[in-house]
Every structure is written in C-alpha cells, then in structure tokens.
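Participant: As given, the protein sequences belong to chains A, B and C, one line each in that order.
The numbers in the working numbering rise by one with no breaks, and the one at position 407 of the first sequence is 407.
Position in the second sequence (from 1) plus 765 gives the number in the working numbering.
Position in the third sequence (from 1) plus 928 gives the number in the working numbering.
From the three backbone atoms N, C-alpha and C, an ideal C-beta is built for every residue, glycine too.
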Amino acid sequence: MIRLRALLLISSVLLLGVAFICTFHGCASSPGPEHGLKYFGNENAPERPGSESGFGVKEDNRASFGQVKPPSAGVSGNLPALVPVGAGSGANPSNHNGDGSSFSGTWFDSGSIPSRVVNNAEVIATLPIAVPGSVPSEAEEIWVIQRFVPAKANAQPADNQAPVEPGTGALMARTADQRLVPVPLKHTDVHASISAYIASVDVTQQFENPYSEKIEAVYVFPLPHDAAINEFVMTIGERHIRGLIRDRAEAQQIYNQAKEQGYVASLLTQERPNIFTQSVANIEPGKQIDIAIKYYNTLAYVDGAYEFVFPMVVGPPHASGQATEVHYLNPAQRSGHDISVTIDLDAGVAVEQLSCATHHLVIKSHTASTATITLDPADSIPNKDLVLRYQVAGKHTKSAILTQRDPKDANSGYFTLVLYPPEDLTSLPRKPLEMVFTVDVSGSQSGEPLKQEKAAVRYALTHMDANDTFQVIRFGNTAIRRYAAPVAANAENVKDALGWVEGFDANEGTMLVDGLRASLNFPHDPARLRFVTFLTDGFIGNEAEALTEIKKDLGASRIFTFGVGSSTNRYLLDHMAKLGSGAVAYLNLKDDADTVMAQFFSRISHPALTDISLDFGSLKVSGVYPSRIPDLFAGRPVVVTGRYTGSGEATIHIKGSVGRETRDIPLTVNVSDPANVHAGLAAIWARHKIAELYDSAVTSTNAAAELVPAIKSTALSYGLMSPYTAFLAVDSLARTEGGHGTTVAVPVPVPEGVRYETTVGGGGH
Amino acid sequence: MSTENDNLSPTSPDELAIPAGLRAALRGSMPPAPVIGHALDAAIVHMAREKFAERRRGRMIRYSLFAATAAAAASVLLFFSLNPLAPTAVSPRPAAIAINTTHPTILDAFALARELRDHPQLVQQTAAYHVTHRSRVDQHDIDALAGAAVALTPVSANSEATQ
Amino acid sequence: MKLRMTKLAILVVLSLSAFLLPISTSSSAGNSPMPPPAIQFTHVDIVVDPHGHTLAAYQLSLVLTTPNAQIVGIEGGDHAAFNAAPYYDPAAMQNHKIIVAAYSLNAAKDLPVGKTRVARLHIQLPANATPQFTSELTVAATTDGAAIPNATASLQPGENP
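1) Taking the DSSP output, what are the residues bridged to D903 of chain B?
2) Please confirm if T1071 of chain C has its CB atom under 8 angstroms from at least one CB of chain A.
3) Compile a chain-ordered list of the residues in the region 871–891 of chain B whose CB is closer than 8 angstroms to at least one CB of chain C.
4) Restricting to Cα atoms, I'd like to know which of A:D189, A:V418, A:M464, A:K552 is closest to S696 of chain A.
5) Since A400 of chain A is in the alpha helix (DSSP H), which residue starts that stretch and which ends it?
6) From S722 of chain A to A544 of chain A, what does the alpha carbon distance come to, in whole angstroms?
7) Would you call the region 982–994 of chain C and the region 1071–1079 of chain C in contact, with 3 or more CB pairs under 8 angstroms?
8) What's the call for M812 of chain B, buried or exposed, on a 16-neighbour Cβ count within 10 Å?
9) Using a Cβ cut-off of 7 angstroms, pull out every chain C residue sitting near D731 of chain A, in sequence order please.
10) Using the three-state DSSP reduction, which class does F522 of chain A fall into: helix, strand or coil?
11) Can you pull out the residues from the region 965–984 of chain C whose beta carbon lies closer than 9 angstroms to at least one beta carbon of chain A?
12) How is the alpha helix (DSSP H) around N1078 of chain C delimited, first residue to last?
13) Would you mind sorting T188 of chain A into buried or exposed? The rule is 16 or more other CB atoms within 10 Å of its CB.
14) Have a look at V494 of chain A and V638 of chain A and give me their C-alpha separation to the nearest angstrom.
15) Roughly how many angstroms separate the alpha carbons of E271 of chain A and V1041 of chain C, rounded to a whole number?
16) So, is Y644 of chain A buried or exposed, given that buried needs 16 or more other C-beta atoms within 10 angstroms?
17) Can you tell me whether I711 of chain A is buried or exposed, with buried defined as 16 or more other CB within 10 angstroms of its CB?
18) By the criterion of Cβ-Cβ separation under 7 angstroms, what are the contact partners of Q987 of chain C in chain B?
19) Using 10 angstroms around the beta-carbon of A874 of chain B, count the other beta-carbons present and answer buried if the total reaches 16, otherwise exposed.
20) Which stretch, first to last residue, makes up the alpha helix (DSSP H) that contains I550 of chain A?
21) Does DSSP put G563 of chain A in a helix, in a strand, or in coil?
22) Between the alpha carbons of V362 of chain A and L354 of chain A, how many angstroms are there, rounded?
23) In chain order, what residues of the same chain have a beta carbon less than 7 angstroms from the beta carbon of N865 of chain B, not counting five sequence neighbours either side?
24) Where does I343 of chain A fall in DSSP's three states?
25) Between the alpha carbons of Y219 of chain A and S618 of chain A, how many angstroms are there, rounded?
26) Tell me, please, whether the region 241–261 of chain A touches the region 712–719 of chain A by the rule of three or more beta-carbon pairs shorter than 8 angstroms.
27) With respect to the alpha helix (DSSP H) encompassing N493 of chain A, which residues constitute its N-terminal and C-terminal limits?
28) Tell me which residue opens and which closes the alpha helix (DSSP H) that F601 of chain A is part of.
29) Under 9 angstroms, CB to CB, which of the residues in the region 1025–1037 of chain C have a partner in chain B?
30) Pick helix, strand or coil for D977 of chain C, following the three-state DSSP scheme.
31) G1001 of chain C to A1057 of chain C, Cα distance in whole Å?
32) May I have the straight-line CA-CA distance separating E661 of chain A from S605 of chain A, to the nearest angstrom?
33) Using the beta-carbon of each residue, which ones in chain B are nearer than 7 angstroms to T1066 of chain C?
34) Using C-beta distances below 6 angstroms, list every residue in its chain close to P1085 of chain C, excluding the 5 sequence neighbours before and after it, in chain order.
35) Measuring alpha carbon to alpha carbon, tell me which residue in A:A729, A:V750, A:F616, A:Y694 is nearest E1003 of chain C.
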C-alpha cells in the first residue's frame, strides 16, 4: 500500500513537472525538410518571432534553418543574415536543423543575448521573458534574426505625408550548393506607339522562379514621371487576369492576405511619381508570370526635336546618409535581366532626323512620316535611360491643339494645347543676367558626370556677356559659395572660377536643399535677371523638402536644371524647373556639353514671355493644368491640358509680358477638326491633375487633407495609378502549397557612368 | 478501167522509157500484171471515199461542237452582261450600318469591328464611323465604343471638384 | 493523519496536472493551428448559353451584393475567342457593379455554340460568406451581330481550393 501511494505520488509529481515545462518553455515540432534556399529575409516577418507558437517553427517556413552565406561582396551591406550565435546542443536534443546544428526554444531577456554576431546582424526582436533573469547558457544555441527594416517599412502613406520609400526583401544570388541562379525578372518588353506627340506604351515584365521553392518577386523600377498608367494585366500561362485599381491601403491589404493564403497575386504601387514597385506573390518553382502595364504620356519638345524617353533604372538616392532602397549589382555582376524595345513612330508629318545618343537602335522599316525602330539586342542591358529624338519637317513655332471627345457627350472633351513662343521675340534685347551655377559634387556624380558638369560650367563661364555677373556654388555634404556676392564676368574672375571648378571632386553626400538655399538666399540685383542653373542627377531622398524650399525662397529667380548622367531623376528636375519658372535640359554622358550649353545660352539670350495667362474665348474650359503657366522660352514650348465644352473654331488669346511690354497673341483652333483628335488625352489630363494636386499636397501641409481625397477620387475615376491608388490582381483559381514563399528583390545594375564604389558601395558618404 | 497513172508508179515494163532489150528482159522476169477487176477497183475507191467521209464527219463534229460551245459562251456572256448577278456579301453596300454612339452597347463596337474588317476603305469614308473624330478609323474607335458600352456613368465636362 | 496528508497531496498534484496539461498542450510550439483567415478568395464564372447559335459577342451587367466583398481580378473565358479579359469600366469597381462585354471576329467555326465560360471574376469576401450577385444579360449576338433571342447567362461560383 505504501509503495502504491509512493508510486502515485512520484508519477503525479512527474506529470506536473512535464506540464509545467511544456507550459512555460514550449515544445517545438520537429523541423521540416531542408530548404533548397539557404537564405533569410522577409519584411513581413512578425515583429516577435516568439509570438508564433515557438521560435524556429516551420509552420510557414519563414524562419529558416541552416546556415546562410554572408552577403557577397557586391551586394548591399544591409543584406539580412541568419546566423547561429553560441554553440552546442539545444536544451531539447530532438530540435535539430537540417544541417545538423540545433536550436533552442528557450525564451530569454533580449538584453542578455550574447553579442557574437556577424555581418552587421543585430537583434531586432525583443523576446519575452519566460523566466525572469534567466540567460541562455553557452551550451545553448540561439538564432539571431536580422531583418532589414527600411524607413517606414510597410507603412501606408498617411494623408498628409509623402509616399514611403520603396521597400525591399532579401536578395538571393546563390543556392545552398553555391550555384548562381538568375533573378526572378527574366525580361522586360517595351512596345511604344507614338502618334503626334502622344506615346502609348506597353511594358511587359516576365517574372520566373528559378528556385526550388515559391517566391515573391519585388521589383523597383522607373517610368516617366508623367506616365498615366491605366491598364494592368497578369498573365499566368494562357490565362489573362485584368487587375483593378483600388485605394492603395486597401489593395496592399488584399494583396497581403492573398499572399498569406497562397494565392498568386500582383500589386503595383507608386513610391514616387517616377518610381514604382511591382510585387508578385507565390510564384511557384519553374513557373512564369507576366505583368503587362500600359501608360500614356506626352513627349517633350526640346530644342527643335521631340523626345521619347524610357527610363530603365532607378539611380541610387542619397539624402542625409539614408541607405539605398534598391539592391544594386556590382559592376562585375549581371542579373541576366535584359530589355527589348520596339517603337512605332507615326509623326503625322515628314520626319527629318532620327537619333539616339544613349542606345544603338535599328530602323526596321520606315516611310517619310513613319518608322519602326527596335533596340539592338547587343545593347539590351537596362542600365541607362533610352532617349529617342526626332525632328519633323516644318517650323514648329506655331501653337497647336489636340482634343479628345467624350464618347457620350459630343460637345465636351479634353484638350492638350502646346504653346510656342512667337518668333518676333528674338529681336528684342535681353536684360543683363545674374548667373548662378550650382554644381553637384556628390558621389553619384563621380567620374563621367562630373566631367560633363565641369565642361558645361566651363563653356558657360567663357561665354557670358561682359555686363553679366555670376556666382559659383558647389554642394555635397554642405553648400559652399565661391564669392560672397555675384562678381562681374571679367577675365580675371572667370579664370578664378574656372580654376576652382576644375578642382572639384565628387565624393560627398547630396544635400540639395542646402544647395538651393545657398543659390536663392542672397540679395538679388533687380536690374538683372537671375538664372540659377543646377547641374545634378537629382537623386536625393527628400524631394518634397527640395520642392518646398523652392516655393519658399524662389523670389525673382528662375531655375534651370541640367540633368547630368545616364539615368537622372527627371521627376525632380522637371519639377524644380517648373516651380522655378525655368526650363530643364538633360546632359547625357555622350552629349557634347558645349552644344547643350550653347543651346541653353541661346535660349536665355532671348527674353521669355512671362506672366502668361490664357483666354479661351468661346470655349468653356475647366481643370486647366498647370494652374500657373510657366514662362515661354525659345525652343521650349509649354504644354497645357484641360477640359472643354464647345465645338468648332475658337480663338485663344495668349497674354504675357516681354520685359515691360505686354503682348496678346491670338491663336485660332478648331476642336472639331478630325486631324486634331487623339486618343489618350483623357488619361493624360487626369494624370496632370493628379500631379498638380500631389505637388500641392507635398509642399503644403494645410491643404493635404483636402487634396489627397481629390487625388484618390480622380485616380479611381479614371483608373489611374497615383501615390494613393494601386493596381491589384489576384488569381483565386488555385492555391499554391505551403506558406507564402520568400521575398526576393530584383537587383538592378548601377546606372551607366555612376561609380558603384562612391554610391552604392558605401564610399559616397 | 481507169487509166489514171501518174507514171510515178508504173505497173509494167511497157510503160517505162527504157531500151527494148532491157524491156524484153524485164518482161521475161516479171510476172504478168494482175488483172484488176472493176469491182475491186470500185471497192478500193469506195473504201477511200468512206475514209474521207469519215474524216470529214469527224472534222465536222469537232467544228460543230466548238462552234456550239462558242455560241453558248457568247450567249451566256451576253445574257449576264445584260442581266448582272446580285452582289456578294463582301462587295460594298450602299448604306452604312447605324452605330449608336450616344448609348452604345457591345454590338455597336462589334459592328464597327466587322465593318473595319470587311470594308476598310468604306469605313474611312463614312462620317458616322469616326467615333473619336480623328482623321482615321481604327481600333481606338472600336475601343471607345466598347468603353462607352461598359461605362456606368457618363463623364461630365463640369464635374471637377477642384481646379 | 499521515495517510490523509499523503492522499491530499496526491489529489492536489493530480488536480494541478489535470489543469496544466491542457494548457501546455494548447501552447505547444507548432502544434496549434493558425486561426482561420478572416477573408477568403474565390471566383465566379460567367457562363453564357447561346442555345446552339454561334456566340460572337455578349454584354452582361452584375452587382455584387455580398457585404464587404470586392472584385480583385477579371479574367477571360475558356474558349479562345474570349480568352482575353473583357471590356469593363474601372470606375465601376467602386460601386460593386460591373458591366463586362466582349466580342470576337473569329469565323463561326471558331466560336462557341454551346454553354461557355466567357469570363471569370476573382473575388475577395469574408470567410464563410458566399458570393451573391444579381445579373442581367444585356445582349448576346452571332457573327453578323444579330441578337440571340433565347441566350441565357448564369453565374457559377468556383469551389474554394
């Protein structure tokens, strides 16, 4: 009897002990099959891995087992790494990883985690304290998970904030057996149709999963900043699923849920007006998914030629030491992703000259006014913007209108008006100038871009009028003026300035705002026209701050921007010029700086038509953008878009000032003329409206609450992308096995001419 | 007995202009000329005549057939030139298909698509088909009609909340 | 007394075990299932039956009446003639009403004559909800644009994978 009681007591105590241990320490399931991928990283990983039922759980395959190779040399230093810290067997001998190492399910105080880490891994998860004061012993092995946390990761843009920085996932370049595998983006196909000065462009991205497990591919890419994206189709095999435009937060939520549940889904979001993120979830091993995007945009007319621009790579932004958001390949690496481009040009009039300084193009067929042009396959690395220029016959100094009728209302529609300055302005004398040259010496300008900048400034300084004055400013980590006040453009001062400029070296950060303040905040001679000339690639991270600064301090200045490099931030440069009532020019690495500057001086040598207003006569118009018409310079027409009611002929009066003289230039247009009609203007108008509202919201804190709903409403009504809307497509037909896979960010090459070492490589700060 | 002889095929040595001695020798070596009776002669002539007649008949039949065919073809051509056939489905129609651009359905887009496929030239010349009022009719016009067909609400020219 | 104390101790220990074991079971790492998702994804097939006529064009309007449901994708049909995604109004999505339409210029032999799926709507809706629509077939037509008088359309929900 006594023995029975003792036996009962002992077994009860043992049972209680087991229950106690299981309750407070947790029991892990045996590890799952070893992954084909040996890497780590998922920006959607939970804040606290311990919030799952146990650390190292294989439930959703996110917490990986096994060793992860440290980041390879060419990859960004923020690459996450999964490393074992400590050594020895775990508390539970049965908890083994696929490679034989073991782990422990012990909870511990994060403050006492051993700090033997590698490759900048840092503890970001605060694990709950199970036993107060307990610390892991040396015999225990602890997994330290580093998760890349970009600024505002996964945050949705608040109504009064600028959109978030693009996020990235983990990068995978090698498999566990050291094989190099291509990245998920296999190919991009671009097909553009140009009619008059409107381009309709179809971009198809082919994503393929070369790995042995499901992945989510994330690709950050640029498009023209005025692109009106209105179509989105996801193709899986033979099936075509058209995506829908939704409120961004809503679309992101639906996408996340579809991803978590294993459905193939795609999401297109806008990070900046010219930068977008394409995410495709649950791409099964070996499968291919195509995403097709369509957009309209207006071609720029620059110095006698139309320009079709297709940007291909996002340049590395630098702002106050913030890290890059895009994974870049080092110069020795290739992603395997290439691009094909076909352009069908129908100019409507005879084409006199076709040129491309950035790529080698092949003309497949042509007539007097049409041409089919393709990109040479040998030039298919997407590391620089494609710029096609074409000149058309006839003098294009005559303003013209294009219209698009509303199919349901014959008397209303959309118009795009191109304004050219009249010829007779060229005979008028110009006022003396006060030239300010502001040169970017950040790391991204190192090499060829800086050489171009120096050449441009050299030409400008040596071709100024004797009556002009000038100032030279360099900006990198800070902004430095050469002179306390603008100096006369005499030989001695010019020589001094040239010597200073020649000594520039580009290896600093990019404090553009400092450069703006230095350029605008000094006394202005009212007898002169102040032209502030910025030479930069525009790759900064605080565009809103820069634009706000211009609005605040512009005064009587005019801002001209020169985008220097093979891939520039056209959105910022165009907007700086727009807000600064100036103009923008692009100095590609293969352009002749003297020629570009000569054109610039020719432009500013003739007075502009300023303070422009438009009287539309019998045409009733609304929603006219830009709301403030920029100055008209020779060779730089201004594009105005809006909505109209009416038909037939109307006379539009262009009113402005030339110096102290006022001018009234009549322009007769016919909105019913079939030759003037073009499809796509509705989308272009809506895009301009969204851009104007967005500019106002970015630079005005008070108006944001009203403007953001207006942006959303316009974007949703016209089915367009915007900072607050997104395209979403979900295939609910089949659910893929397992969890949602692993995120793989598509790496991109550094823009041509930009030095990897001084930008992405970390030497630029 | 017919004495027609063209001297190209003599029947006896007596008919040859040769010396008498040779004539005598040949007379001796040649068998006597056969006697061709009238009946045989007549039969041969009759056969020849029959042969000629047969050939003539054949020629006449062929000529007749050819003439008849030519006459028939001429008659058919004359008949159809005076009475042309009704036009086929692909030949130009006199009137354009009515397309509703105010409240279109997909059938209007479909109709324009068929017209553009079947009568591409006629379509360009028909004002009613210039839906987007451009200088030419193409897929954009079809898409505009289809887009209007599926649109829920018309877009008003004065519907802007902000400017 | 000693016996009673022993019995009491056993009883307490057993009670505690009985109380704690279910908790430990439920908190065992990796064994407890994740809570079911709050939303589900499914699809609805739009099927048109031209009853023996060749189907060359159709237009159909639908209203999604399930509360908190949204259309998250529009796909084309089975037959090659209607494989591309149909025309639709993007703005219609905001009102849960949609009009879809498509046509094909294929020859009659390359067009469907029987029941055929012409489009598929991918839908997100709350878990355990079923997609509910009201729909109206506006028109279905043959190759020459003639309306098919007795054509019908039906909506067939997909099975959840």
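Facilitator: Taking the definition as stated:
1) Position 138 of the second sequence, counted from the start, is the residue given in the question as residue 903 of chain B. According to DSSP, which records beta bridges pairwise, D903 of chain B is partnered with nothing at all.
2) The sequence position of residue 1071 of chain C within the third sequence is 143, counting from 1. No, no contact with chain A.
3) I871, L872, A874, F875, A876, A878, R879, R882
4) For this step, residue 696 of chain A is matched to residue 696 along the first sequence. Nearest of A:D189, A:V418, A:M464, A:K552 to S696 of chain A, Cα basis: A:K552.
5) Here the question's residue 400 of chain A lines up with position 400 in the first sequence. A400 of chain A -> not in any alpha helix (DSSP H); beta strand (DSSP E) instead, spanning 400–406.
6) Residue mapping note: residue 722 of chain A aligns to position 722 of the first sequence, counting from 1. Residue mapping note: residue 544 of chain A aligns to position 544 of the first sequence, counting from 1. Rounded to the nearest angstrom, the two C-alpha atoms are 16 angstroms apart.
7) yes
8) Indexing the second sequence from 1 puts residue 812 of chain B at position 47. Classification for M812 of chain B: exposed.
9) To locate residue 731 of chain A, count along the first sequence from 1; it is residue 731. Those are G1001, H1050, listed as they occur along chain C.
10) In the first sequence, residue 522 of chain A corresponds to position 522, counting from 1. Residue state, collapsed to three classes: coil.
11) P965, A966, I967, Q968, F969, T970, H971
12) To locate residue 1078 of chain C, count along the third sequence from 1; it is residue 150. That residue, N1078 of chain C, is in no alpha helix (DSSP H); it is neither H nor E in DSSP.
13) Counted from its first residue, the first sequence places residue 188 of chain A at position 188. Classification for T188 of chain A: buried.
14) Taking the first sequence and counting its residues from 1, one reaches residue 494 of chain A at position 494. Taking the first sequence and counting its residues from 1, one reaches residue 638 of chain A at position 638. Distance between the alpha carbons of V494 of chain A and V638 of chain A: 34 angstroms.
15) Counting from one through the first sequence, the residue named residue 271 of chain A turns up at place 271. Counting from one through the third sequence, the residue named residue 1041 of chain C turns up at place 113. Going by the C-alpha atoms only, they are around 47 angstroms apart.
16) Residue mapping note: residue 644 of chain A aligns to position 644 of the first sequence, counting from 1. That one is buried.
17) Residue mapping note: residue 711 of chain A aligns to position 711 of the first sequence, counting from 1. Buried.
18) Position 59 of the third sequence, counted from the first residue, corresponds to residue 987 of chain C. The contacting residues are T870, I871, A914.
19) Here residue 874 of chain B refers to the residue found at position 109 of the second sequence. With 16 or more Cβ atoms within 10 Å of its Cβ, A874 of chain B is classed as buried.
20) In the first sequence, residue 550 of chain A corresponds to position 550, counting from 1. I550 of chain A -> alpha helix (DSSP H) spans 543–553.
21) For the purposes of this step, residue 563 of chain A is taken as the residue at position 563 of the first sequence. Correct three-state label for G563 of chain A: strand.
22) Within the first sequence, residue 362 of chain A is the residue found at index 362, counting from 1. Within the first sequence, residue 354 of chain A is the residue found at index 354, counting from 1. The straight-line gap from Cα to Cα measures roughly 11 angstroms.
23) The residue labelled residue 865 of chain B in the question sits at position 100 within the second sequence. Contacts found: D873.
24) Your numbering for residue 343 of chain A matches position 343 in the first sequence. The answer is strand: DSSP assigns I343 of chain A an E or B state.
25) Counting from one through the first sequence, the residue named residue 219 of chain A turns up at place 219. Counting from one through the first sequence, the residue named residue 618 of chain A turns up at place 618. When rounded, the distance between both Cα atoms is 49 angstroms.
26) yes
27) Residue 493 of chain A sits at position 493 when you count from the first residue of the first sequence. Per DSSP, N493 of chain A belongs to the alpha helix (DSSP H) from 491–502.
28) Here residue 601 of chain A corresponds to residue number 601 of the first sequence, with the count starting at 1. Its alpha helix (DSSP H) spans residues 593–605.
29) K1025, I1026, I1027, V1028, A1029, A1030, Y1031, S1032, L1033
30) The sequence position of residue 977 of chain C within the third sequence is 49, counting from 1. Three-state result, D977 of chain C: strand.
31) In the third sequence, residue 1001 of chain C corresponds to position 73, counting from 1. In the third sequence, residue 1057 of chain C corresponds to position 129, counting from 1. Roughly 18 angstroms separates the two Cα atoms.
32) Counting from 1 along the first sequence, the entry for residue 661 of chain A is found at position 661. Counting from 1 along the first sequence, the entry for residue 605 of chain A is found at position 605. Cα to Cα, E661 of chain A sits roughly 17 angstroms from S605 of chain A.
33) In the third sequence, the residue the question calls residue 1066 of chain C occupies position 138. Within chain B, the residues near T1066 of chain C are T870.
34) Here residue 1085 of chain C is taken as the residue at index 157 of the third sequence, counted from 1. Counting only Cβ-Cβ distances below 6 angstroms, and skipping sequence neighbours, we find V972, P1059.
35) Translated into the one-based positions of the third sequence, residue 1003 of chain C becomes position 75. The shortest Cα separation from E1003 of chain C among A:A729, A:V750, A:F616, A:Y694 belongs to A:A729.
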